[in-house]
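In the working numbering, each number is its position in the sequence shown, counted from 1, plus 1. Don't be surprised by glycine CBs; every beta carbon is placed ideally from N, CA and C.
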Amino acid sequence: MAGCVLLLQGLALLLLFHQAELSVFVPATSANQVLLRWKRAGSYILEELFEGNLEKECYEEICVHEEAREVFEDDEATRAFWREYRASPAPVPRALRAGPVPWLQTNVTQRGRMGASTSATRGRRPTCAAAPRAISWPRTEGRVLPTCACGVLTSQHVKTPDSSRLRPPSFPWQVKLTDSQGKDFCGGALIQEGFVLTTARCSLLHRNISVKLSPAGPGEAPRMARVRRAHVHLRYDAELGQNDISLLELERPVHCPGWGLPVCIPERDFAEQVLVPGTGGVLSSWTINGTNLGDTLTTLPVTQVAGEECGQALNVTVTTRTCCERGSAAAGRWVPGSVVTREHEGTWFLTGLLGSSPLPQEQAAAVLVTKVSRYALWFRQTMKGPGLGQRAGHEVGLGVGMWRKPDPTAQLSREAALLDRR
């Protein structure tokens, strides 16, 4: 008898829960009367069977290059639309255009940090990332940019006609790596106030590494910054030279503009669809004289060549993360960690990193470089960790997911394993 009573009580509870669910969720017919405008994207079961809609794909939402190509079905028309579409501010959905809606984009603050912001970009230089699925580069004519906006050269860095014969162009983001004996052995580039980009092999050559920054002015000695930690890419293959990339975390931030200026890092779509096809690059660094690095920064105009042509010329395999840059003439043997930069509307972007290639580069006009834009997500995750910016109370990253603190023992084990493989 007691068992029957318990069974009846259980059934009563189930009925109560069922009634509660019915009272919480509104029927579909009632909900559709409230939500008068429903999202067209994804409203069809097989949306791929219908023709592309430009208004829906690119104006109500933010589209990518492939979606625009499906609409126009023509390469020339797509490129013409893409140049105009990406040169304008990030499109705001029409349902939100009734009032002032701030752009959601990534800004570089006055100290050269990258950080997500939804505020208007007055006095800031926006990077190429406006939203997770798209890129935009709002035009900035008439806008006063901060002195330390990434990739923006000031008057002291730009050559004048009178001084062009006396000194090469100055790129304040270029640095030298120095060992404990004070000898320079590799190059690199400052991409944030606390991080230097270089090759994985260079960062593993010595235990104690310092960064030699650009001099503050003519005749001044370069400043030194000690490296706290080397963040080597986890998929670096020393034998094949794949993912030959590393971030050096500095012990103290670089004071801009006196100690150096970071260069901007482009997002992948912006680099491959707009930046690289439309502009020539500049290969810059120091050349190797015997076993020593030269004292003068060397520059060489370069253009990107097709992967098949590059593979035949250098007898290498060009992957999706590498490309070839060719100059008008060979300029000696470039030091590992040399960089290729490109200028877009007054801002310089880093597009290529020269690895530790054993090729006889002094006899070749083309060089194989790593596509820096392919590692933008890894840069965000690494620089967002509990490092320099977090201790100073600043948000360093671009708002990318959760980042777990690395295990120092595991990091040392990975680096030791890489050294053993070499």
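**Asked** Of the choices A367, E240, W335, whose alpha-carbon is the least far from that of N316?
**Response** The sequence position of residue 316 within the sequence shown is 315, counting from 1. It is A367 whose Cα lies nearest to the Cα of N316.
**Request:** Starting from the N-terminal side, write out each stretch of the alpha helix (DSSP H) that is 4 residues or longer and does not extend beyond the region 298–343.
**Result:** Correct list: 308–315.
**Asked** Hey, quick one: how far does the alpha helix (DSSP H) through A222 stretch, first residue to last?
**Response** For this step, residue 222 is matched to residue 221 along the sequence shown. Counting along the chain, no alpha helix (DSSP H) covers A222, and no H or E run does either.
**Asked** Exposed or buried, D270, counting other C-beta atoms within 10 Å across all chains shown (16 or more means buried)?
**Response** Your numbering for residue 270 matches position 269 in the sequence shown. That one is buried.
**Message:** Check this for me: beta carbons of V303 and G328, under 8 angstroms apart or not?
**Reply:** As a working mapping, residue 303 is identified with position 302 in the sequence shown. As a working mapping, residue 328 is identified with position 327 in the sequence shown. Yes, these two residues count as a Cβ contact at 8 angstroms.
**Three-state secondary structure assigned by DSSP to Q182** = The residue you call residue 182 lines up with position 181 of the sequence shown. DSSP places Q182 in coil when its eight states are reduced to three.
**Asked** Can you tell which of F186, V72, R381, S211 has the C-alpha that lies nearest to the C-alpha of V255?
**Response** Numbered from its first residue, the sequence shown carries residue 255 at position 254. Nearest to V255 by alpha-carbon distance, out of F186, V72, R381, S211, is S211.
**Item:** Proximity to V233 [Cα-Cα], best of E221, T199, L241
**Value:** What you label residue 233 is simply residue 232 of the sequence shown in a count that begins at 1. Per the C-alpha coordinates, the member of E221, T199, L241 positioned closest to V233 is T199.
**Through-space distance from S339 to S286, alpha-carbon basis** = Translated into the one-based positions of the sequence shown, residue 286 becomes position 285. Translated into the one-based positions of the sequence shown, residue 339 becomes position 338. Distance between the alpha carbons of S286 and S339: 5 angstroms.
**Prompt:** Taking C-alpha atoms, which residue in Y376, G279, T320, C151 lies nearest to E194?
**Reply:** Stepping through the sequence shown from its first residue, residue 194 is reached at position 193. Ranking Y376, G279, T320, C151 by CA distance to the CA of E194 puts C151 first.
**Prompt:** With distances taken between CB atoms, is the gap from T323 to T371 smaller than 8 angstroms?
**Reply:** Counted from its first residue, the sequence shown places residue 323 at position 322. Counted from its first residue, the sequence shown places residue 371 at position 370. Going by C-beta atoms, T323 is nearer than 8 angstroms to T371.
**Prompt:** Based on the DSSP secondary-structure assignment, which residues constitute the bridge partners of N293?
**Reply:** Within the sequence shown, residue 293 is the residue found at index 292, counting from 1. Under DSSP, the beta-bridge partners assigned to N293 are N290.
**Item:** Proximity of S357 and D245 at Cβ, strictly below 8 angstroms
**Value:** Counted from its first residue, the sequence shown places residue 357 at position 356. Counted from its first residue, the sequence shown places residue 245 at position 244. Yes, Cβ-Cβ distance for S357 and D245 is below 8 angstroms.
**Message:** Within 10 Å of its beta-carbon, does G347 have 16 or more other beta-carbons around it, so buried, or fewer, so exposed?
**Reply:** Here the question's residue 347 lines up with position 346 in the sequence shown. It counts as exposed.
**Asked** If you draw a straight line from the C-alpha of C187 to the C-alpha of R84, how long is it?
**Response** Indexing the sequence shown from 1 puts residue 187 at position 186. Indexing the sequence shown from 1 puts residue 84 at position 83. Using only the alpha carbons, I get a separation of about 37 angstroms.
**Message:** I need the DSSP call for A366, collapsed to helix, strand or coil.
**Reply:** Mapped onto the sequence shown, residue 366 falls at position 365. In the structure shown, A366 sits in coil (DSSP, three-state: anything other than H, G, I, E or B).
**Prompt:** Opposite A29 in the DSSP bridges: which residues?
**Reply:** The residue given as residue 29 occupies position 28 in the sequence shown. DSSP, once it has assigned bridges, lists no residue as partnering A29.
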